[in-house]
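K.L.:
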Amino acid sequence: MAPPAPLRLRIDTQALTENWRWLARQSGAAACGAAIKADGYGLGAHQVMTKLAEAGCRDFFVATWNEALALAPIPYGLTLSVLHGVMPDQIAFARSVAGARPVLCSAAQVALWRHAGGGACDVMVDTGMNRLGIDYREIAQLPRDDLHVATLLSHLACADEDHPLNEAQRVRFDAVRAAISADRYSLANSAGILLGQGYHHDLTRPGIALYGGLPAEGLRQVVVPQVRVLQRRRARAGDTVGYSATFQAARDTELATLNVGYADGYLRGFSGKGVAMADGIALPVIGRVSMDLLIVDVSAAPDLREGDWVDINYDLARAAQQSGLSPYELLTGLGRRYDRIWV
Ligand SMILES: *Cc1c(COP(=O)(O)O)cnc(C)c1O
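Heads up, the sequence shown is in the numbering used here, so the first residue is 599 and it goes up one at a time.
#1: Can you round the beta-carbon distance between Gly840 and Ile893 to whole angstroms, since I take them to be within the 8 Å contact cut?
#2: Looking at the structure shown, is Ala706 part of a helix, part of a strand, or coil, going by DSSP?
#3: What does Ile879 pair with, by DSSP beta-bridge criteria?
#4: With contact counted as at least three CB pairs below 8 Å, one residue from each stretch, are the stretch 843-850 and the stretch 881-888 in contact?
#5: Based on Cα-Cα distance, which residue from Thr851, Pro823 and Ala848 lies nearest to Gly931?
#6: At 3 residues or longer, and completely inside the stretch 847-874: list those beta strand (DSSP E) runs for me, N to C.
#7: Taking all protein chains shown into account, do 16 or more other C-beta atoms lie within 10 angstroms of the C-beta of Glu652, making it buried, or fewer, making it exposed?
#8: Closest to Arg608 by CA distance: which of Tyr926, Asp724 and Ile910 is it?
#9: Which stretch, first to last residue, makes up the alpha helix (DSSP H) that contains Thr615?
#10: Around the Cβ of Gly726, are there at least 16 other Cβ atoms within 10 angstroms (buried) or fewer (exposed)?
#11: Looking at Gly805 and ligand 1, is the gap between the Cβ and the nearest heavy atom below 7 Å?
#12: Can you list, in chain order, the residues of its chain with a C-beta nearer than 6 Å to that of Asn857? Leave out the 5 residues immediately preceding and following it.
#13: In angstroms, rounded to a whole number, what distance separates the CA positions of Gln739 and Gly867?
#14: Below 8 Å between beta carbons: does that hold for Arg712 and Pro741?
#15: Is it the case that the CB of His753 approaches a heavy atom of ligand 1 more closely than 7 Å?
#16: Just tell me which of Glu759, Ser779 and Ser752 has its CA closest to the CA of Val769.
#17: Given a cut-off of 8 Å on the beta-carbon distance, is the pair Ile540 and Ala705 in contact?
#18: Taking the CB atoms as reference points, tell me whether Arg938 and Leu667 lie closer together than 8 Å.
#19: Would you report the Cα separation of Ala627 and Asp800, rounded to the nearest angstrom?
#20: Do you know how far the Cα of Ser788 is from the Cα of Arg803?
#21: Regarding Asn553 and ligand 1, is the C-beta to nearest heavy atom distance less than 7 Å?
#22: By the three-class DSSP mapping on this structure, what secondary structure does Ala653 have?
#23: Taking 7 Å as the cut-off, is the C-beta of Lys635 nearer than that to any heavy atom in ligand 1?
#24: Consult DSSP for Arg934 and reduce its assignment to one of helix, strand or coil.
#25: Could you tell me whether any non-hydrogen atom of ligand 1 is closer than 7 Å to the CB of Leu681?
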């Protein structure tokens, strides 16, 4: 058996499920699903799906068929929608994954689906993002006879801003709803839920908020990276620290070298700005982040030793400010080297 990795993600099950319950309440009468693409925003899609299904979530979203395969077999009663649609070389596979269905994104994909035998599918309509989906001005071209649309979706481009496109997309989506019959309609991502009832329809699709990446009262941090101290050392006054010698010690300084770096998603934007924590004591990042290593000032933590574990400060709002990364990038960049520990 391999020893535990020297870096781990502590993932708070209760924070995740309570975030989902809060979003479900904010969604009002609409059902609340969960986006678990990009391996559950870095946490582990299978675990996220299992925990949220226990909390009552039924509708899950991934990007690709490879992500769907990693989750198969889909437990009975859950549905998995594959957002990137289906191509001719995927159609046989797509039809073989029970519980999963494509979100068809073009008239050609609709035709492909019908030709392969049809059945319940989802359809994405683009109402102003110009990214993925059938253009809302072209839905008349959609071959609709005997097409069973389970969920008709659209996606907001600016939900986290006060932007006129939100209202424009809502109005366009309502016109599409009047024209295309579906079992359910779904527009809102995380930030869209907070835009109010007019955006909720039948089903909401939060992602980032589940994982604590939307600043809102009622949402909690879910992930804390914890990393091991590999070495403790003292830099003497005048010494430099790390690559390119970007930090020079003004006085003797106690340092610890930690087992995390930019290859683990702790990117160079944290150089000289990030913070680790040991029993409530802040340990500022010194100099540049290396690929696999990080150096922090531990002058304030005289008892910290080689082999000890420290928390990386990963409050997503604050870490985003320090690093220049978005909460989405901070989560999805977390690499494969962490053990993922659900508590
Ligand atoms: C990623 C995604 C979501 C979730 O978005 P968040 O901003 O993370 O809440 C919802 N719908 C679609 C189509 C997406 O691609």
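Every residue gets a Cβ at the ideal spot worked out from N, C-alpha and C, and that includes glycine.
P.N.:
This is what the structure gives:
#1: The beta carbons of Gly840 and Ile893 sit about 6 Å from each other, so the pair counts as a contact at 8 Å.
#2: helix
#3: Ala876
#4: yes
#5: When C-alpha distances from Gly931 are compared across Thr851, Pro823 and Ala848, the shortest belongs to Pro823.
#6: For the stretch 847-874, whole beta strand (DSSP E) runs of length 3 or above, ordered along the chain, are 851-856.
#7: Around the beta carbon of Glu652, fewer than 16 other beta carbons sit within 10 angstroms, so the residue counts as exposed.
#8: Ile910
#9: It spans Thr611 to Gln624 - the alpha helix (DSSP H) in which Thr615 sits, taken as one unbroken run.
#10: buried
#11: Gly805: yes, Cβ under 7 Å from ligand 1.
#12: Pro604, Leu605, Val825, Arg826 and Leu828
#13: 47 Å
#14: yes
#15: yes
#16: Ser752
#17: Shown here, the chain extends from 599 to 941; a query on residue 540 therefore has no answer.
#18: no
#19: 7 Å
#20: 7 Å
#21: Residue 553 lies beyond the range of the chain shown here (599 to 941); nothing can be said about it.
#22: helix
#23: The answer is yes for Lys635.
#24: In the structure shown, Arg934 adopts coil according to DSSP, grouped into three states.
#25: Because some heavy atom of ligand 1 lies under 7 Å away, the Cβ of Leu681 counts as near it: yes.
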